[in-house]
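Here the structure is laid out as C-alpha cells; the discussion comes afterwards.
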Amino acid sequence: MTCPFSNPRNLFDDLATARETPSIEYSEKLGGYVISRYDDIVSVLDNPGVFSSRPTVPDFPPQVKQIFANKVPERGTLLAWQWIGRCLALFGGITQTNEESSIEQRVQDVLDLHEYVAEVIAERKTDRRDDLISHIWNERDAGVVEMTDYEHLSMIPGLLLAGHETTTNLLSMGISHLLHHGLWNAATEDKEARRTAIEELLRYESAITGMERLVKEESKIGDHIVQPGQKLFVAYNSGSRDSTKFGNPDKIDFKRQHKHQHLGFGRGIHACLGAPFARLLLRTELAVLKERLPNMRLETPYEEIQYCRVHSGRGPERVEIAWDVPSLDEKRVNVGQATVNSALRSSAKTEDLEMVVENVENVTERIVTLTLRPKDGGKVPKWSPGSHVDVQAGTIGYRQYSISSKPSDDQHIKIAVLRENDTGASNWIHQNAIKGSQMLIRGPRNHFSLEFGSRKTIFVAGGIGITPIIPMAEAAKQAGVDYSILYLGRSKNNLAFVNGLTEEHGDHFKLWYWPEATRFCEYRKTNRFWR
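No gaps in the numbering here: position 198 of the sequence shown is 198 in the UniProt record's numbering, and each next residue is one more.
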C-alpha cells in the first residue's frame, strides 16, 4: 500500500480519504496532523492564539546569523534563500538553488541578490524607467508614501516570490485543466469570465497545499483532542474540495454559486496579503495569452504532467503548450466598436529623443502644458491613447508624464506638468522649460488597453490625472461609443483643461468640485462604472 501523500498526483485522493476518516491522522510526509475538513480548517485559522504559525518557522542557525550580521536592517524583510532561488531560477537569476552548495554560499546568494536590487534602486533614483522600482521612487518623491531605502529594498524579493512562483504554478496548473477539459474559451471569453475562472481554479487546485500550525493549548478539533506542542498541517486545498461545502467539488464549474469562500488564499490574520495582486496578475495573464497565443493546446499529455513533491506548495514540474502563429492580418485586435493595433501598445522606443519646446502655457497656478516637437523636424513616434513619455529633468533624472495630445497629431507631443513642490523634477521643468529650449524624452510607451465594448465607458479623473484621459476620451468620441467624463477636484480654479474639455465633449463632460465632489462616494453606491 502506498504511503499517503507520497505521490503528488494522488494528493487529492489522499486528502479525500483524510476527510472521510472520523479522526485526524498524523502524516510523516507533511510533518503534522492533517486537518482536512473545511469546518476544522476554519476553526484552526480563526484561532491564531491557540494554533500558532510563528513557532513553526525555525530561527537561523548561529553560523547563518554571523554571516548576516550588520547586513540586514532590524525587523527588515528577508525571504529564505530557497524561496528566492526557486523564484529567480525561472528566468535565470543570480540565485539558483543547489542542494550541494554550502550554507555559506546559499547565504551569499541572498546577499548578492540584495546588493543587485540595491544597485538598481540607486540607479532609478536619478534615471526613472517604466518599472515598479521607479514607480516607488515617484511615490516617495511626491510624499505619497514614507519609506526608507531599506524598506524599498525589502519589498522586491517578496514581490518576486508572490508575483512569480505561486502565480506561475497556479497559471500552469490552471491552463492544463482548462485545455484538457475544453474550458479555455469559456474561461477567457471576457473580463467576467476570467474573474470567475480564476476563483474556480483557486478553489479547484491552489498553489498552496496547506500550512503548518503549532498547538499552544489543549484543544478539540472535531472529535480529536490535540495537545500543546503538537504540529498540524492545515490542508487548504482539502477544505476547498470538501463536498459538504462545495457541490461536486472535483469538477471545475464556472456556474458554481459560492456559498462558502474557498481557501486558496488562506483565511484570517494569515490570509494572503497579496491576493488582490495575484488576482490581477492571473486575470491579465489569461487575457494576454488569449490574445497572443491563438489555438493554444497542451503538448504535455494531461495524465503525464508531473507535480513537485507534496509539501506546503503545489505546482507542476513542467507543462508544455503549443499554439498557432497568427497571420499579419490577425494581429489587429477588434475590441468592440474600436480597433486597436496591439503592436502600438507594446512597441515603445526606449532611446533618447531630442525635442524642442514649441510652446509653454500656464493652465493653472501650478500646472504648465508643454508642446514638444522633434528637433529633426520629423514626425513623433507612434503612440496610442493612455501613453506616457519619460522626460529628463536635468541632472535629477527622468520622470514620467502622460501624453495629452490629440491622437491625430503626429507632429507634436503635449504633456502637463504639476509643480508638486519647490524642489525636484517638476520644479526643474517649470523653471527651465521655455519656448525654444531643448529636452530629452524616452518613449512613448503604453500599458493601458483601451477597449470599447457595448456598455457605456465612464472616465473618472482627479486633478492632474485628467491628462491621460484627454486622448482616451477623444478616441471614444471618434469611435462613436457611449461615454462620459467625470472630473473631480477641490477647486475649479485648480483644475486644468476644463474649458477645452467642455468645448470638445459638451454634455459628455461632468465637472465636480467642492462641495459637489463629496457626492462621488454616494454616486458610486448607486451607479455601476464600466471602463
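Yeah, the Cβ is synthetic: ideal placement off N, Cα and C, and Gly gets one too.
With distances taken from CA atoms, which of 485, 206, 255 is nearest residue 238?
With distances taken between Cα atoms, residue 238 lies closest to 206.
Quick one: is residue 37 buried, meaning 16 or more other Cβ sit within 10 Å of its Cβ, or exposed?
It counts as buried.
How is the alpha helix (DSSP H) around residue 177 delimited, first residue to last?
From DSSP, the alpha helix (DSSP H) with residue 177 extends over 166-180.
Please report how far the alpha carbon of residue 216 lies from the alpha carbon of residue 234, in whole angstroms.
CA-to-CA, the gap between residue 216 and residue 234 works out to about 15 Å.
Are there three or more Cβ pairs, one per stretch, closer than 8 Å when the stretch 25-43 is compared with the stretch 216-229?
As far as the Cβ criterion goes, the stretch 25-43 touches the stretch 216-229, which means the pair count is three or higher.
DSSP state of residue 12 mapped onto helix, strand, coil:
Residue 12 falls in the helix class under three-state DSSP.
Taking only runs of the alpha helix (DSSP H) that begin and end inside the stretch 424-502, which ones reach a length of at least 4 residues, in chain order?
Those alpha helix (DSSP H) runs which fall completely within the stretch 424-502 and span 4+ residues are 424-432, 469-479.
Reduced DSSP category for residue 360 - H, G, I as helix; E, B as strand; rest coil:
In this structure, residue 360 counts as strand in the three-state DSSP scheme.
Kindly indicate which three-state DSSP category residue 512 falls into: helix, strand or coil?
Correct three-state label for residue 512: strand.
Looking at C-beta atoms only, is the number of pairs between the stretch 475-484 and the stretch 411-426 that lie closer than 8 Å three or more?
When Cβ pairs closer than 8 Å are counted between the two stretches, the stretch 475-484 is seen not to touch the stretch 411-426, the count staying below three.
For residue 134, the first and last residue of its enclosing alpha helix (DSSP H)
132-141 is the span of the alpha helix (DSSP H), which, as asked, contains residue 134.
Cβ pair residue 383, residue 453 closer than 9 Å
Contact: no.
Locate the alpha helix (DSSP H) running through residue 537, then write down its first and last residues.
Residue numbering for the chain in the displayed model covers 1 to 531; residue 537 lies beyond these limits and cannot be assessed.
Taking residue 320 and residue 308 to be in contact with their CB atoms under 8 Å, please state how far apart those CB atoms are, rounded to whole angstroms.
The pair is not a contact, with the Cβ atoms about 16 Å apart (cut-off 8 Å).
Please determine if the stretch 42-53 and the stretch 241-256 are in contact, where contact requires at least 3 C-beta pairs separated by less than 8 Å.
As far as the Cβ criterion goes, the stretch 42-53 does not touch the stretch 241-256, which means the pair count is below three.
Taking only the alpha-carbon atoms, compute the straight-line gap between residue 75 and residue 472 and give it to the nearest angstrom.
Because the pLDDT at residue 75 is just 42, under 50, the model does not fix this residue reliably, and the value given afterwards should be weighed accordingly. When only Cα atoms are considered, residue 75 and residue 472 end up about 44 Å apart.
Between which residues of its own chain and residue 334 is the CB-CB distance below 8 Å, once the five residues before and five after are set aside?
Any reading at residue 334 is ruled out, since the residue's pLDDT is 39, under 50, leaving its predicted position unreliable.
Once you ignore the five residues that flank residue 181 on each side, which residues in its own chain have a CB closer than 8 Å to its CB?
Excluding sequence neighbours, residue 181 sits near 252.
Should residue 331 go down as buried or exposed, given a rule of 16 or more other Cβ atoms within 10 Å for buried?
Reliability fails at residue 331, whose pLDDT of 46 lies under 50, so the model's placement of it is uncertain and no value is given.
Which two residues bound the contiguous alpha helix (DSSP H) that contains residue 391?
Note, residue 391: premise wrong, no alpha helix (DSSP H); beta strand (DSSP E) at 388-392.
Consult DSSP for residue 62 and reduce its assignment to one of helix, strand or coil.
DSSP places residue 62 within a helical segment (H, G or I) once states are collapsed to three.
Which of helix, strand or coil DSSP assigns to residue 43:
Looking at residue 43 - three-state DSSP - the assignment turns out to be helix.
Report back the beta-carbon spacing between residue 424 and residue 396 to the nearest angstrom; my notes put them in contact at under 8 Å.
7 Å between Cβ atoms; contact.
Consult DSSP for residue 354 and reduce its assignment to one of helix, strand or coil.
The answer is strand: DSSP assigns residue 354 an E or B state.
Keeping to the same chain, check which residues put their C-beta closer than 7 Å to that of residue 9; ignore five residues upstream and five downstream.
Excluding sequence neighbours, residue 9 sits near 307.
Would you tell me roughly how many angstroms separate the C-alpha atoms of residue 366 and residue 492, rounded to the nearest one?
Between residue 366 and residue 492, the C-alpha separation is close to 13 Å.
Helix, strand or coil at residue 220 according to DSSP, with G and I counted as helix
Looking at residue 220 - three-state DSSP - the assignment turns out to be strand.
For residue 373, write down the residues that DSSP places opposite it in a beta bridge.
DSSP lists 356 as partners of residue 373.
Checking 9 Å against the spacing of the C-beta atoms, do residue 352 and residue 392 come in under that value?
Yes. Within cutoff.
Please name the residue in 263, 299, 30 whose C-alpha comes closest to that of residue 240.
Shortest Cα-Cα distance from residue 240 to any of 263, 299, 30 involves 263.
Determine the direct distance from the alpha carbon of residue 218 to that of residue 108, and round the result to whole angstroms.
CA-CA distance, residue 108 to residue 218, rounds to 42 Å.
Residue 310: which of 125, 29, 13 sits nearest, CA to CA?
When only C-alpha atoms are compared, the closest one is 29.
Which residue comes first and which comes last in the beta strand (DSSP E) that contains residue 398?
Note, residue 398: beta strand (DSSP E), 398-402.
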